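Below: one structure, written as structure tokens.
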Amino acid sequence: MLGPAPTWAVSADVVVVGSGIAGLTVALRCAEAGRRTVIVTKALLDDGSTRWAQGGIAAALGEGDTPEQHLDDSLVAGAGLCDEEAVRTLVTEGPGAVGRLIAAGARFDTTPAGEIALTREGGHHRRRIAHAGGDATGAEISRALVGAVRDAGIETIEHALALDLLTDPDGRAAGVTLHVMGEGRHDGVGAVHAPMVVLATGGMGQVFSATTNPAVSTGDGVALALRAGAEVSDLEFVQFHPTVLYLGADAQGQQPLISEAVRGEGAHLVDGAGERFMVGRHELAELAPRDIVAKGIMGRMRETGAAHMYLDGRHFGAEMWERRFPTILASCRSHGIDPVTEPIPVSPAAHYASGGVRTDLHGRTTVPGLYACGEVACTGVHGANRLASNSLLEGLVFAERIAATGLAELPTHRADAPDAADAPDAADSPVPPVSPDAATAGCPLPPPEARREIQRVMTEGAGVLRSARSLAATARALDALRTADKPAEPGVDAWETANLLLVARVLVAAAERRTETRGCHWREDHPERDDTGWRRHLLVSLAPGTGAAELSVGTTADQSFGPVATPPGGAPATATAPATATTPAPSDPSDDVAGTGSAVPPGDSEEITR
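According to this note's numbering, the sequence shown is numbered sequentially starting from 413.
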């Protein structure tokens, strides 16, 4: 546990943690079905990651385009590690889901003929990206869904940091504990009791020094799920967006994104001499999948000794910049750069976590009653590298699937049923006091000032370029922070830092284990892709009984996830029993995670004390 026992509680049928496209869609569908739904969000209802999305949402909506073509582009971008069934689900159900989003009030840009205007982005062979407000797609989707949630009267708890999963005696999810920031004690904790818990908390970009993610993206959902016994997968595959506005070597926190749609409309990547260096590197040049473009930029920076490259869209002219990319134009100008008259300095920055809490095609995790969707989840759709603008679509499609499946699996008792009034209200139930030491047993809270150090060492050793040496140094630095002599006092800063430290440890352990280069995981010491040994997913969980001290790592048999196994009796499944395979993963004593010189064979697991 992160915090002490809750001193107040509310009851619901469904609690949704997060208020982006995934969380709001789940909440709306559950409320429409007559279930009492509570949304818990870390900031304001409209302040999640979705609102920052610029490019758009990908779906086979245009003439001549098909889900099968969208499937092919997604599989190529995913570098052989996509779960094909999950991708097929996404692209087949995607157009209908976008239609329902429009019916909910989202207004996408249209052509003079009244059809949805579509553009291209990296990895797409067709124009299939629907956008709104030129480059303000996320803001428009957020506006529409937030309005629908408010019209539906769904209860919302804002400025609330979710801490831990509550479970019943059978190990099934029973709600979450949370801290409402700015109210009550510094370490005050409450709870939402609900038999269906949906994590839609977004990403973990703040684990790096520079990111496109907002300040709230501290990996809270992944950390909560790990502490609850859930499996996570593919955390090593962090996508670094190739074109983020370069604000200097010391820039930290959220950085301005220069949408891939700018390249989709014809902007070119050039070096300091004005040469287009992506031509000849890939058939799509600047519109290659993001991992290839990011590597191309980093490679050219190394060749020339430059701190950044440039994105040249001067040929667009002022009218196009103002009409098509008003948000980006204003952002650049606010930093003293005018894209109309000069190239934009860009470099890669942490953008999107392709991995997360492992789920099946209905959003179920390995903990019964706990679901996940959006960036916090790992459905198998993105593989080793997310195809541009598939993220909003994934949140939308799998949120609808969670609502349909989760509501069908809910216990028959409802929070607002007549007999519920006769039962003791959870908010009035006595809560036994728990000392801070007992509440955080096995999981000492790191000091808040450790956050900057986590970001520094992760950026230096586990960023775009990685090696056995850099990852081992990062792991040692993280371990030193975890075993600090004096635990911090409970509070938001310490809780967020603990979450960042936990997800950083998992990311590094997985990156050390994957001795190949695939997608957005780039190992300098293993520069080739290894389909024989590594066309499989790593599954990580916390070893039982160790708090957050030890990680248990296993692998799937191949690139497919398969069903989420729930053992009889409803106890959470962990990575100690992943899918099996017949051939062991390759062994490399030089960079073995546990330092034993042996790799984890598929179908087995290994505990890592770090």
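For each residue, glycine too, the CB sits at the ideal point set by N, CA and C. Here the structure is a predicted model, which means the values were calculated and not measured.
Return helix, strand or coil for residue i, following the three-state DSSP convention.
i    : result
M710 : helix
M732 : helix
V429 : strand
L669 : strand
E962 : strand
D576 : strand
A424 : coil
R463 : helix
H591 : strand
E567 : strand
M622 : The displayed chain sequence assigns Ala, not Met, to residue 622. Three-state result, A622: strand.
V450 : strand
T944 : helix
S645 : strand
S999 : Low confidence applies to S999: its pLDDT is 38, below 50, so where it sits in the model is not reliable, and the reading given next is rough at best. Note: S999 maps to coil in three-state DSSP.
L493 : coil
State the Cα-Cα distance for the pair residue i and residue j, rounded to the nearest angstrom.
i    : j    : result
M616 : Q664 : 15 Å
H763 : V650 : 7 Å
L950 : H794 : 14 Å
R688 : E872 : 28 Å
G430 : G686 : 43 Å
E677 : R532 : 7 Å
H543 : A518 : 10 Å
A885 : T791 : 31 Å
V588 : G725 : 47 Å
K707 : M690 : 10 Å
D942 : V876 : 19 Å
V510 : A910 : 37 Å
E928 : A742 : 40 Å
P626 : V619 : 12 Å
H598 : W907 : 12 Å
C744 : L808 : 30 Å
P902 : I433 : 31 Å
E595 : D477 : 51 Å
R878 : P823 : 47 Å
A874 : V904 : 26 Å
L912 : R948 : 26 Å
E940 : A921 : 20 Å
T702 : D683 : The sequence given here places Arg at residue 702; Thr does not occur at that position. Using only the alpha carbons, I get a separation of about 18 Å.
Here's the rule I'm using: 16 or more other beta-carbon atoms within 10 Å means buried, otherwise exposed. How should residue i be labelled?
i    : result
A900 : buried
E715 : exposed
D485 : buried
L590 : buried
D563 : exposed
L456 : exposed
P524 : exposed
A730 : exposed
R798 : buried
E897 : One point to set straight first is that residue 897 is Asp, not Glu, in the sequence displayed. Exposed, since its Cβ has fewer than 16 Cβ neighbours within 10 Å.
T771 : buried
T462 : buried
A892 : exposed
H727 : exposed
R864 : exposed
Might you give, ordered along the chain, the residues of its own chain that have their beta carbon closer than 7 Å to the beta carbon of residue i, omitting 5 neighbours on each side?
i    : result
A955 : E962, L963, S964, E1019
H933 : E648, F649, A796, A923, R926
L483 : V499, R500, V503
P856 : P899
V634 : M616, V644, G768, V769, V788, V915
Might you give, ordered along the chain, the residues of its own chain that have their beta carbon closer than 6 Å to the beta carbon of residue i, omitting 5 neighbours on each side?
i    : result
A815 : V438, R441, C442
C494 : L487, G795
H536 : D485
A470 : R540, I541, S801, N802, L805
A548 : T739
Considering only DSSP beta bridges, list what residue i is partnered with.
i    : result
P757 : Y722
T967 : L950
F652 : A762
M608 : V426
C790 : R770
H694 : V691
R682 : Contrary to the premise, residue 682 reads as Val rather than Arg in this sequence. For V682, which the question treats as bridged, DSSP gives the partners Y722.
Once you ignore the five residues that flank residue i on each side, which residues in its own chain have a CB closer than 8 Å to its CB?
i    : result
H747 : L657, L659, P668
G546 : D521, R735, R736, F737, P738, T739
Would you check whether the ligand HEM has a heavy atom nearer than 6 Å to the C-beta of residue i?
i    : result
G508 : The ligand HEM is absent from the structure shown, which contains no ligand whatsoever.
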